[in-house]
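Since the structure comes first, as C-alpha cells, the remarks are kept for the end.
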Amino acid sequence: MRWSFSKLTFLYVLLFRKLGAYLGFINSVKVETIMYAVTGASGQLGRLVIDALLRTARPSDIVALVRNPAKLSDLAARGVVVRAFDYDAPDTLEPALAGVDRLLLISSSDVGSREAQHGAVISAAKTAGVGYIAYTSILHADANPMNLAVEHRATEAAIKASGLPYAILRNGWYTENYVMSAASAIKHGALVGSAGDGRISSASREDYADAAAAVLVDQSAETRVFELAGDDAFTLAEFAAAIGEIAGRPVIYQNLPQDDYRRILEGAGLPAAIADMLAESDSKAANGSLFDEGRALSALIGRPTTPWRTTLPDALKRKQG
C-alpha cells in the first residue's frame, strides 16, 4: 500500500502531537525530593552518617551542617550541600535549616552547654518547618544515673514538647572510646578504670551511624525511642585481656575508686571536667548503666553489630599508623 504525501504529513503531525502531550505530562509530574540534614557533620559520627546517607540519597539532597564549612570542602566537591551552623550563634540556625525535611541532631560535644544549644536547634527546626527530628541520646536516658544523662533527658523533653515527629536514638558507648586507653595499657601492662565487673554493650561508631541514617531515610518511621547497643558485651577485665592478646604481652585490669581514677586521668592531661565525667560514667557502668541486650541496634541496621573484638584491633592499627 502506497501512502500519499498528505497522509504521511497527517500521521507525522499526529505523532508529534501525541509525543508533545506525553512530554508535557512528564514535565508536569513533580518528583518529590526529601532534604536530609545532619548537625556536627565534621565530627567522627557525623561524617559516617553522611557517608551512609550517600549510599541511598543524592548528594544534593543532603545538608551537612557545620560550624566551619571549610572543613567539609571535600563533601561540597561531591555535591553535598554544606551550610554554616553554629550552636552558639542562634541567628545561623534557622536559615541553615531552610528546606530541610528530616534533621539528625547529633548531641553537642560541649558538655554543660548542651541543653541550651540543643534547645536552640529544636526551636529553629520547628520555625523552619522541619518535619522530623532524630536525636542521638544516651542509653536508657530516662533511668540512667550518669551525670551525662541529665542534659540528654532535658533535650528529649524539649523535642517531645516541640510537637515535631521524632526518633530518640539512645546510643550506648562506642567501642572506639576504649582504644584511647589501649596504648597506655600496653605500655604499663594494666588497663585502669572504675567499671568493676559491669558489662558494657558497646558497638562501633559506624554501627550507630548506619542506624541514624536508616531512621532518617525511612519515611514510614514513626515517633519512637530506640535503645541502641551492641550485640556483644564485655567487662573491662575482658577488654584488657584482649588488648594483651593483640600486643602479645599480659595486660590486666586494675579497678580503682572513682576519685583515684579521676586523678589518673587528670595526670594524663585531661581537663578536670572531662576527667570527672569519664570517671563518674565508668563508676556508673559498674552497675549496668551501659548494658543492654535488646538487640535493637542490629535490628535497625539489618545486620549484627560489629563485634568489639573486631573493632579493637582495627582501631588500634589506625591509631598506631
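Sequential numbering of the sequence shown, starting at 13, is according to the working numbering.
Ideal Cβ positions, reconstructed from N, Cα and C, are used throughout, including at glycine.
Could you pull the DSSP bridge partners for residue i from this structure?
i	result
T104	DSSP, once it has assigned bridges, lists no residue as partnering T104.
L240	N183
S149	R182
Q266	V204
F246	I212
I74	Y48
V94	A76
L109	None; L109 has no bridge partner.
L115	A49 and I145
Between the Cα of residue i and those of the options, spot the shortest distance and give me the residue it belongs to.
i	options	result
K296	D209, G242 and A223	D209
R274	S193, Y265, M192 and I286	I286
A132	T51, L65 and P71	T51
L302	G260, A249 and W185	W185
L228	Q129, A146 and D98	A146
V123	E106, D154, A137 and T167	T167
R12	P107, W320, F97 and D272	Because residue 12 is not part of the residues shown, which for the chain are 13 to 333, the question remains open.
E106	G58, G91, A169 and K138	K138
L309	F238, L282 and I276	F238
L87	A64, A101, D98 and D100	A64
R261	R330, A195 and R236	A195
R211	A136, I134 and N299	N299
A169	R59, N189, R67 and I134	I134
D73	Y99, G58 and T45	T45
Y265	D288, D100, H200 and R236	H200
F9	R67, T68, A136 and R59	Here the chain covers residues 13 to 333 and nothing more, so residue 9 does not appear.
Give the straight-line distance between the Cα atoms of residue i and residue j, rounded to the nearest whole angstrom.
i	j	result
Q56	L84	12 Å
V263	T247	14 Å
D103	P81	16 Å
G256	S193	13 Å
R70	A76	13 Å
D304	S213	6 Å
S149	L240	10 Å
K42	A110	Legend: pLDDT at K42 = 47, less than 50; position of this residue unreliable, value from coordinates given subsequently. When rounded, the distance between both Cα atoms is 20 Å.
A89	L117	24 Å
G279	R165	31 Å
G143	A128	21 Å
D219	T318	7 Å
P269	E250	19 Å
A284	D272	13 Å
I38	D326	Residue confidence for I38 is low, a pLDDT of 39 falling below 50, so the modelled location carries little weight; the figure read from the coordinates is stated next. If I take the Cα positions, the gap works out to 50 Å.
I171	A259	45 Å
A108	G91	17 Å
T322	R330	13 Å
R236	D288	32 Å
G58	T68	16 Å
Do the CB positions of residue i and residue j come within less than 8 Å of each other?
i	j	result
Y48	R95	no
D244	R307	no
R182	L151	yes
V61	A225	yes
T187	A215	yes
A252	A197	yes
V78	S54	yes
V112	A140	yes
S121	H130	no
A254	L324	yes
V191	L282	no
With three or more beta-carbon pairs closer than 8 Å as the criterion, would you say the stretch 225 to 232 touches the stretch 198 to 214? Taking a contact to require three or more Cβ pairs closer than 8 Å, the stretch 225 to 232 and the stretch 198 to 214 do not qualify as touching.
Okay, do the stretch 314 to 324 and the stretch 161 to 176 touch, 3+ Cβ pairs below 8 Å being the bar? The stretch 314 to 324 vs the stretch 161 to 176: no contact.
Do the stretch 287 to 306 and the stretch 155 to 163 meet, that is, are 3 or more Cβ pairs less than 8 Å apart? Counting C-beta pairs with one atom in each stretch, the stretch 287 to 306 and the stretch 155 to 163 have three or more that are closer than 8 Å, which means they touch.
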